[in-house]
Amino acid sequence: MRSALKTQGRSQLSLSLEIGIPNTTLGRKLAGHIDFTVSEVFAIARALSVPASDLLPDTLPRNGEN
């Protein structure tokens, strides 16, 4: 997600304001400390005008793995 922000020249703050997530919370989520909800992923995809699938990793960890 950070690469999509950088590609578009967007700041984390501008994205947080647009999608309604506090900037500090968005920062923790982008750093991987907190998981995104499905609705947050779709909101970010809309805000960045990209498919939600572009924001997801190619492979997801198995249950209990990071």
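Numbering (my numbering), first residue to last: 898 to 963.
The C-beta atom is built at its ideal place from N, Cα and C for all residues, glycine as well.
Neighbourhood of residue i by C-beta distance below 7 Å, restricted to the same chain and skipping five residues each side
| i | result |
| --- | --- |
| Leu923 | Gln909, Leu912 and Ser913 |
| Gln905 | Leu945 |
Beta-carbon proximity of residue i to residue j, cut-off 7 Å
| i | j | result |
| --- | --- | --- |
| Ala942 | Leu952 | yes |
| Glu915 | Ala944 | yes |
| Ala901 | Val935 | no |
Per-residue burial, residue i [other beta carbons within 10 Å of its own, 16 or more giving buried]
| i | result |
| --- | --- |
| Ile931 | exposed |
Pick from the options that is closest to residue i, judged by C-alpha positions
| i | options | result |
| --- | --- | --- |
| Phe939 | Thr904, Gly917 and Gly906 | Gly917 |
Tell me the start and end of each unbroken alpha helix (DSSP H) in the segment 916-955 that is at least 4 residues and wholly inside, in chain order. 920-927 and 935-945
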